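Q: Sharing a structure, written as structure tokens. Questions coming.
Protein chains: 2
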Amino acid sequence: MDGTKIKNMEEFAALSGISRPTISKYFNDPDSVRPKTRERIEEALERYDYRPNIFAINQNRKMTKNIGIVVPYLADPFFGEIARNIEQRCIDAGYRPTLFSSHGERDLEIDILDSLRSLKPAGVLLAPLGRASDRSKIEDFCNEVPTVLFDSNIDGVGEAFVGSDNFSFVSQSVDYLMDSGEPPVFFEMRNPANPNANKRRAAYIQKMESMGQTPHVLKIEGEGWAFEEIGRQGAFEVLDGKALPSDTILCSNDRLAIGFLAACYERGIRVGRTEGCAMRVASHDDHPFSKFTCPSLTTVAHDYDSVAGHSVETLFSLIESGGKFRARTETLYPARFILRASA
Amino acid sequence: MDGTKIKNMEEFAALSGISRPTISKYFNDPDSVRPKTRERIEEALERYDYRPNIFAINQNRKMTKNIGIVVPYLADPFFGEIARNIEQRCIDAGYRPTLFSSHGERDLEIDILDSLRSLKPAGVLLAPLGRASDRSKIEDFCNEVPTVLFDSNIDGVGEAFVGSDNFSFVSQSVDYLMDSGEPPVFFEMRNPANPNANKRRAAYIQKMESMGQTPHVLKIEGEGWAFEEIGRQGAFEVLDGKALPSDTILCSNDRLAIGFLAACYERGIRVGRTEGCAMRVASHDDHPFSKFTCPSLTTVAHDYDSVAGHSVETLFSLIESGGKFRARTETLYPARFILRASA
DNA sequence: ATATAAATTTTACGCGCGTAAATTTTTTTT
DNA sequence: AAAAAAAATTTACGCGCGTAAAATTTATAT
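Heads up: the sequence lines are chains A and B, in that order. For the working numbering, add 408 to where a residue sits in the first sequence, where the first one is 1. For the working numbering, add 408 to where a residue sits in the second sequence, where the first one is 1.
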């Protein structure tokens with residue numbers, strides 16, 4: 409690597425003995441130049457370590473290589489994991505992903521979309537807040553910027569949705585719990601922020617009825633994204649209240665379950681499927697911490713890889729299609745049951 | 409709001425009846441124009457909803473308003489929280505923060521620094537991987553871009569460091585454990601990725617010796633960022649092995665402790681400070697989940713707010729000083745002991 | 001009212017690159 | 001070998017804005 413600092417493409421073109429427009433073409437798509445030319449450019453690149461000015465590039469390109477990734481709450485490790493997965497795929501495909509978190513706040517989500525607009529991204533992968541989202545503003549955004557929704561669906565918004573099949577989650581957990589003991593009671597927040605919660609409840613009711621069972625739904629109070637604490641408080645109310653119709657609790661999601669298990673522990677209630685346990689608790693999501701709860705949490709896992717992979721692929725083909733699909737598609741991946749100690 | 413779409417600053421200047429350079433000045437600093445002019449601009453802004461093209465701005469400005477935030481591992485909710493805190497402060501100060509996660513990978517950390525360079529940020533807040541970091545490359549970066557390190561220190565690198573005082577953590581936890589029971593054994597990874605771990609061990613040894621106690625350090629194997637699993641496996645070895653010199657374990661950090669507690673639960677060992685408990689476990693960090701472990705984790709909390717706040721303030725003053733300080737400063741905030749059930 | 005300072009406008013240039021059209025060179029085809 | 005096709009080069013313009021210098025207007029001080 410030469411010590412020479414290169415100021416711009418002009419200079420680099422001169423030093424490598426190739427015209428600037430050809431260099432420009434190379435950076436847009438290395439395959440668009442003759443192999444021999446490409447070699448020469450890449451040799452020069454090794455010697456001089458030049459990188460095009462990203463602002464100048466994006467000012468003139470019809471379409472940038474930027475991709476926005478928006479998740480609702482980054483302090484939830486679930487979204488940390490999926491963001492990482494998606495980020496890497498974008499980089500590998502030659503895009504420049506930028507990660508944003510709405511931090512559970514409606515206004516911040518809108519602000520993010522606003523600043524995303526000015527980044528002129530080729531496309532956006534958006535996991536919306538859900539119920540808290542400003543639907544019409546998100547709709548406006550999706551009409552301007554090619555957007556694929558993931559994790560949380562908003563009916564009719566965005567060019568496509570990719571997520572997990574909530575029925576698959578609940579179906580497997582209910583099946584297992586029925587087979588191995590008492591029919592489960594469903595435990596959830598009264599006003600869930602996330603639309604998946606509603607689908608899971610509906611799936612629970614449908615599944616129970618199809619098995620000839622009476623569904624029981626426990627709705628607990630609580631707002632915001634502090635699900636563990638909400639689950640814990642809700643569990644206290646349930647545990648200290650009147651008798652439950654079953655010894656088996658199926659939580660809407662793992663974070664609630666983590667709080668539920670903490671409450672059980674505090675009350676001295678043994679949870680699990682072994683001799684001497686008073687309750688069973690199962691849940692959905694396979695949260696990164698669910699393996700380390702006490703007892704470890706029986707749950708149902710997202711197909712992370714497929715959801716992330718297909719979200720990204722869908723966005724890429726959306727970009728190639730010019731930002732619009734003929735019809736909005738919804739892709740749901742089945743979940744995978746994970747047997748641990750809690751149920 | 410008018411329906412007219414405005415293409416550029418020229419057009420907006422014409423419509424608002426003010427010259428373009430003045431408009432430009434306004435966007436650079438609204439206070440740099442006469443109050444009456446500012447009013448007129450802001451009126452026009454309400455009517456026409458114009459936003460300067462961010463790429464054109466940054467191409468020509470000597471210094472952008474971009475700030476890079478780099479954390480080592482975003483799937484750890486600790487970093488999710490602190491990133492959120494820092495992000496908000498940057499936005500409030502009129503900067504445009506961009507968040508990056510190294511995802512625990514040395515190469516990715518370097519890639520991030522590379523792409524940060526091309527963003528020409530006014531400054532960067534960097535929480536390095538630690539031991540895994542490529543010191544010389546980080547050093548190079550810090551010499552080019554005004555950088556404040558936080559959370560993890562690398563001696564002599566960056567213009568300043570802001571973090572928590574590891575001695576304060578350990579001092580408080582050891583004090584408490586000594587007062588309330590047996591002297592603690594220190595539990596940590598053999599090759600900790602994070603430099604704080606080394607400081608905590610040193611603090612433990614120093615503190616114990618100053619109290620006339622013999623320090624005992626348990627070093628467990630494990631690589632990477634899956635601390636919970638490493639802690640769990642290490643705990644099994646400890647619990648199944650020969651007798652411990654104490655019934656009290658002090659973990660280097662909460663994520664190890666979470667794994668430790670999971671292992672204890674699996675072995676049927678009751679942890680806590682009440683009657684009938686066989687062990688006590690305490691730790692450091694006040695991880696967002698430490699309240700929900702079983703039993704809830706006695707730990708020592710970072711002063712999140714101060715660390716985030718002072719990191720950002722330090723970066724701002726660094727930027728105003730032209731990117732260099734006379735001397736490198738290290739600011740350490742004391743921690744706060746949090747008594748819960750595990751010890 | 002006059003002098004002085006401050007703010008604004010005018011004018012003009014440049015940032016680093018994308019991109020289009022016309023021309024030349026190189027490669028492939030027959 | 002000549003003709004056709006493909007790739008590279010030359011030339012030239014523009015993107016949207018920052019910014020500097022000089023001229024003009026407006027505000028403040030005496």
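The C-beta atom is built at its ideal place from N, Cα and C for all residues, glycine as well. The structure displayed is predicted, hence computed values, not measured ones.
With a cut-off of 8 Å, do at least 3 Cβ pairs link the segment 494 to 514 of chain B to the segment 525 to 538 of chain A?
A: No: fewer than three Cβ pairs fall under 8 Å.
Q: Restricting to runs no shorter than 4 residues, where is the alpha helix (DSSP H) found entirely within the segment 602 to 672 of chain A?
A: DSSP runs (the alpha helix (DSSP H)) wholly in the segment 602 to 672 of chain A: 603 to 618, 635 to 648.
Q: Measure the CB-CB distance between B/L652 and B/A671 and report whether it falls below 8 Å.
A: Counted from its first residue, the second sequence places residue 652 of chain B at position 244. Counted from its first residue, the second sequence places residue 671 of chain B at position 263. Not closer than 8 Å, so no.
Q: Give a yes or no on whether the C-beta atoms belonging to B/H695 and B/F486 are separated by under 8 Å.
A: Residue 695 of chain B sits at position 287 when you count from the first residue of the second sequence. Residue 486 of chain B sits at position 78 when you count from the first residue of the second sequence. Yes, they are a contact pair.
Q: Given a cut-off of 8 Å on the beta-carbon distance, is the pair B/P536 and B/P623 in contact?
A: Reading the second sequence from its first residue, position 128 is the one you call residue 536 of chain B. Reading the second sequence from its first residue, position 215 is the one you call residue 623 of chain B. The answer is no: Cβ separation not under 8 Å.
Q: Name the chain B residues that come within less than 8 Å of A/E489, Cβ to Cβ?
A: Sequence index remark: in the first sequence, residue 489 of chain A carries index 81 (1-based). The contacting residues are A483.
Q: Quick check on the burial criterion: 16 or more other C-beta atoms within 10 angstroms. Buried or exposed for A/K732?
A: Taking the first sequence and counting its residues from 1, the one referred to as residue 732 of chain A is at position 324. The residue is exposed, with fewer than 16 neighbouring Cβ atoms inside 10 Å.
Q: If you run the structure through DSSP and keep just helix, strand and coil, what is B/E567?
A: Taking the first residue of the second sequence as 1, we reach residue 567 of chain B at position 159. Coil.
Q: Using three-state DSSP, classify A/M471 as helix, strand or coil.
A: Here the question's residue 471 of chain A lines up with position 63 in the first sequence. Coil at A/M471, not helix or strand.
Q: Does the segment 565 to 583 of chain A come close enough to the segment 624 to 634 of chain A that 3 or more CB-CB pairs lie under 8 Å?
A: Counting Cβ pairs under 8 Å, fewer than three are found: no touch.
Q: Using 8 Å as the limit for Cβ to Cβ distance, is B/Q641 near chain A?
A: Working through the second sequence from its first residue, we reach residue 641 of chain B at position 233. Not closer than 8 Å to any Cβ of chain A, the Cβ of B/Q641 fails to qualify, so no.
Q: Using DSSP's beta-bridge definition, name the partner residues of B/I499.
A: Within the second sequence, numbered from 1, the residue matching residue 499 of chain B stands at position 91. Bridge partners of B/I499: none, in fact.
Q: Counting only runs of 3+ residues fully inside the segment 699 to 744 of chain B, write out the beta strand (DSSP E) ranges in chain order.
A: Correct list: 707 to 709, 737 to 741.
Q: Does DSSP classify B/A464 as helix, strand or coil?
A: Numbered from its first residue, the second sequence carries residue 464 of chain B at position 56. Looking at B/A464 - three-state DSSP - the assignment turns out to be helix.
Q: Taking DSSP as the reference, what is the three-state secondary structure of A/P591?
A: Sequence index remark: in the first sequence, residue 591 of chain A carries index 183 (1-based). DSSP places A/P591 in coil when its eight states are reduced to three.
Q: Taking 8 Å as the cut-off, decide whether the C-beta atoms of B/R598 and B/E547 are in contact.
A: By 1-based counting over the second sequence, the position of residue 598 of chain B is 190. By 1-based counting over the second sequence, the position of residue 547 of chain B is 139. Going by C-beta atoms, B/R598 is not nearer than 8 Å to B/E547.
Q: Under a CB-based cut-off of 8 Å, is B/G667 close to chain A?
A: One-based indexing of the second sequence puts residue 667 of chain B at position 259. Interface residue, yes.
Q: Quick check: what's the CA-CA separation for A/L658 versus A/G684?
A: Position 250 of the first sequence, counting from 1, holds the residue named residue 658 of chain A. Position 276 of the first sequence, counting from 1, holds the residue named residue 684 of chain A. A/L658 and A/G684: Cα-Cα distance of roughly 20 Å.
Q: Taking 8 Å as the threshold, find out whether the segment 443 to 450 of chain B comes into contact with the segment 436 to 445 of chain A through three or more Cβ pairs.
A: With the cut-off at 8 Å, the segment 443 to 450 of chain B and the segment 436 to 445 of chain A do not touch.
Q: Around the C-beta of A/T656, are 16 or more other C-beta atoms found within 10 angstroms, so that it is buried, or is it exposed?
A: Translated into the one-based positions of the first sequence, residue 656 of chain A becomes position 248. With 16 or more Cβ atoms within 10 Å of its Cβ, A/T656 is classed as buried.
Q: Any Cβ of chain A within less than 8 Å of the Cβ of B/C550?
A: For the purposes of this step, residue 550 of chain B is taken as the residue at position 142 of the second sequence. Cβ-Cβ to chain A under 8 Å: no for B/C550.
Q: Grouping DSSP H, G and I as helix and E and B as strand, with all else coil, what is A/V441?
A: Here residue 441 of chain A corresponds to residue number 33 of the first sequence, with the count starting at 1. Of the three classes helix, strand and coil, the one that applies to A/V441 here is coil, per DSSP.
Q: If you measure between the beta carbons of B/R748 and B/T682, is that distance less than 8 Å?
A: Locating residue 748 of chain B in the second sequence gives position 340, counting from the first residue. Locating residue 682 of chain B in the second sequence gives position 274, counting from the first residue. No.
Q: Using a Cβ-Cβ cut-off of less than 8 Å, list which residues of the segment 694 to 709 of chain A approach chain B; keep chain order.
A: Those residues of the segment 694 to 709 of chain A that come within reach of chain B (Cβ to Cβ, closer than 8 Å) are P696, F697, K699, F700, T701, C702, P703, S704.
Q: I need the DSSP call for A/T682, collapsed to helix, strand or coil.
A: Walking along the first sequence from the start, residue 682 of chain A turns up at place 274. Coil.
Q: In the DSSP assignment, the beta strand (DSSP E) including A/A530 goes from what residue to what residue?
A: Taking the first residue of the first sequence as 1, we reach residue 530 of chain A at position 122. Segment: none, A/A530 is in no beta strand (DSSP E) and carries neither H nor E.
Q: Classify A/P429 as buried or exposed, calling it buried when 16 or more other Cβ atoms lie within 10 Å of its own Cβ.
A: As a first step, residue 429 of chain A is located in the first sequence; it is residue number 21 there, counting from the start. So A/P429 counts as exposed.
Q: Check whether the Cβ atoms of B/V715 and B/G566 lie closer than 8 Å to each other.
A: Along the second sequence, one-based indexing puts residue 715 of chain B at 307. Along the second sequence, one-based indexing puts residue 566 of chain B at 158. Not closer than 8 Å, so no.
Q: Just confirm the distance between the C-beta atoms of B/H531 and B/R736, as a whole number of angstroms; I'd bet it's less than 8 Å.
A: If you number the second sequence from 1, residue 531 of chain B lands on position 123. If you number the second sequence from 1, residue 736 of chain B lands on position 328. A quick correction: the sequence has Gly, not His, at residue 531 of chain B. About 15 Å; that fails the 8 Å criterion.
Q: Taking the alpha-carbon positions, what's the A/I477 to A/I499 distance?
A: Here the question's residue 477 of chain A lines up with position 69 in the first sequence. Here the question's residue 499 of chain A lines up with position 91 in the first sequence. Computed Cα separation, rounded: 12 Å.
Q: Taking DSSP's pairing of strands, which residues face B/T506 in a bridge?
A: The sequence position of residue 506 of chain B within the second sequence is 98, counting from 1. According to DSSP, which records beta bridges pairwise, B/T506 is partnered with B/G476.
Q: Taking a Cβ distance cut-off of 9 Å, strictly less, list which residues of the segment 510 to 535 of chain A are near chain B, in chain order.
A: Listed by position along the chain: H511, L516, D519, D522, S523, R525, S526, L527, K528.
Q: Closer than 8 Å between beta carbons: that is the criterion. Which residues of the segment 608 to 639 of chain A meet it against chain B?
A: Within the segment 608 to 639 of chain A, the residues whose Cβ lies closer than 8 Å to some Cβ of chain B are E636, E637, listed in chain order.
Q: Along chain A, in chain order, which residues have C-beta atoms closer than 7 Å to that of B/R459?
A: Position 51 of the second sequence, counted from the first residue, corresponds to residue 459 of chain B. Chain A residues near B/R459: S526.
Q: With DSSP as the reference, label B/R675 as helix, strand or coil.
A: Position 267 of the second sequence, counted from the start, is the residue given in the question as residue 675 of chain B. If DSSP states are grouped into helix, strand and coil, B/R675 belongs with the helices.
Q: Apply the 10 Å Cβ neighbour rule to A/S400 and answer buried if 16 or more other Cβ atoms are within range, or exposed otherwise.
A: Nothing can be reported for residue 400 of chain A: it is not among the residues displayed for chain A, which extend from 409 to 751.
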